[in-house]
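First residue of the sequence shown? That's 1 in UniProt numbering, and the numbers climb one at a time after it. Where is the CB? At the ideal position from N, CA and C, for every residue including glycine. Everything numeric in this text was worked out from a predicted model, so none of it was measured. Quick notes on the structure that follows.
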Amino acid sequence: VDTCRHIYGTNGFRGFWKGNFAGCCRLGPYAGVKFFVFESLVHGSPPEVLSTAHSQRAFCGACAGMMATVAAYPLEVVRTRIILQSLKPSESTGILQDLSTLVKAEGLRGLYRGLGPGLLGAIPFEGTQFACFESAKVYMTTHRWPAWRWHDDKQSLETLDYLVVGCLAGAIAQVVAYPFDTIKKRLQAQAFGEGGQRQKYRGMADCLVQVVGNEGVPALYRGTLPNLLRVAPHTAIMFTTYELTKNFLLSEEPAMLRKRYNELIHRYLE
1 VDTCRHIYGT NGFRGFWKGN FAGCCRLGPY AGVKFFVFES LVHGSPPEVL STAHSQRAFC
61 GACAGMMATV AAYPLEVVRT RIILQSLKPS ESTGILQDLS TLVKAEGLRG LYRGLGPGLL
121 GAIPFEGTQF ACFESAKVYM TTHRWPAWRW HDDKQSLETL DYLVVGCLAG AIAQVVAYPF
181 DTIKKRLQAQ AFGEGGQRQK YRGMADCLVQ VVGNEGVPAL YRGTLPNLLR VAPHTAIMFT
241 TYELTKNFLL SEEPAMLRKR YNELIHRYLE
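Structure (structure tokens):
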């Protein structure tokens, strides 16, 4: 509550959307790479390589998350810096200018500060997220659960089912991986001080030791609730949109639409 008051007092209502544009720019390549890698691994892995469905989903999700993290990480760093500016009476000059300033001050390595814990965090987060979501889909479809959601004509999951399962999968994954996110954010936020002073944290292990030693283990989970309120609906909408889009593209409707479109074009040209 105090943080919300400070942000509103410093930047007004717009302060709550600081870094939102950078976050949206990041989500495009992140989600694209993530789902592409996941689907490629799931459908391209030989059965003898991954013995069980649960381990396969978790492994493929973890690999997909790591690849997506590397692809979109510079924008994640910029987004974090912009958000931190909302706590100060300063204004961001834009994504490109922030990227330029960051590279000039810290070099290209600055764009990937905190990548280590980011990659390690992607393993439990995306692995848990995909394992929970995909396993729940299979269980609900196979056992037609819950019974009150399955009427006689229902043959597959619907929008509400995807939303609920996606929300729960995102919440569980966030709790599992949140300590890694805390370490990542601290490493992203730090920069060289004036006069070339050394950084506060020398790396991921040093950051973990200092946070736990100075603030205790609960500090690793500080901010979990607001993140759950953000991640749960985001994950629900993301998975639902992806599943509905995939189902549409795999159906006969796109072919019918293309056929109808071609007929209209030919009729117009005639």
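query                                                                                                                                                                      : result
So, at 7 Å on beta carbons, what are the nonlocal neighbours of isoleucine 172 in its own chain, with the 5 sequence-adjacent residues on each side left out?              : Thr128, Cys132
For leucine 102 versus valine 78, is the C-beta spacing smaller than 8 Å?                                                                                                  : yes
Cα separation between asparagine 20 and glutamate 76?                                                                                                                      : 11 Å
Output needed for tryptophan 150: all residues of its chain with C-beta closer than 6 Å, excluding positions within five of it in sequence on either side, in chain order. : Arg144
Counting along the chain, where does the alpha helix (DSSP H) carrying histidine 151 start and finish?                                                                     : Premise fails: histidine 151 is in no alpha helix (DSSP H) and is neither H nor E.
Have a look at alanine 58 and phenylalanine 130 and give me their C-alpha separation to the nearest angstrom.                                                              : 6 Å
Which same chain residues end up closer than 8 Å to lysine 185 when comparing Cβ atoms and leaving out the 5 residues on each side of it in sequence?                      : Thr80, Gly114
Which one of Ile237, Ser100, Arg267 has the shortest CA to CA distance from leucine 160?                                                                                   : Ile237
Does the pairing of the segment 164-178 with the segment 197-211 give three or more beta-carbon distances under 8 Å?                                                       : no
Measure the C-alpha to C-alpha separation of histidine 54 and serine 135 and round it to an integer number of angstroms.                                                   : 7 Å
If the criterion is Cβ atoms closer than 8 Å, does the pair alanine 72 and leucine 41 meet it?                                                                             : no
For leucine 157, name the three-state secondary structure that DSSP assigns.                                                                                               : coil
Look at the Cβ atom of leucine 220, then the Cβ atom of valine 211, and state whether they are nearer than 8 Å.                                                            : yes
At which residues does the alpha helix (DSSP H) containing glutamate 263 begin and terminate?                                                                              : 253-269
Please report the straight-line C-alpha distance between glutamate 194 and phenylalanine 180, rounded to a whole angstrom.                                                 : With a pLDDT of 40 at glutamate 194, under the threshold of 50, the modelled position of that residue is not reliable, and the figure given next carries that caveat. Cα to Cα, glutamate 194 sits roughly 28 Å from phenylalanine 180.
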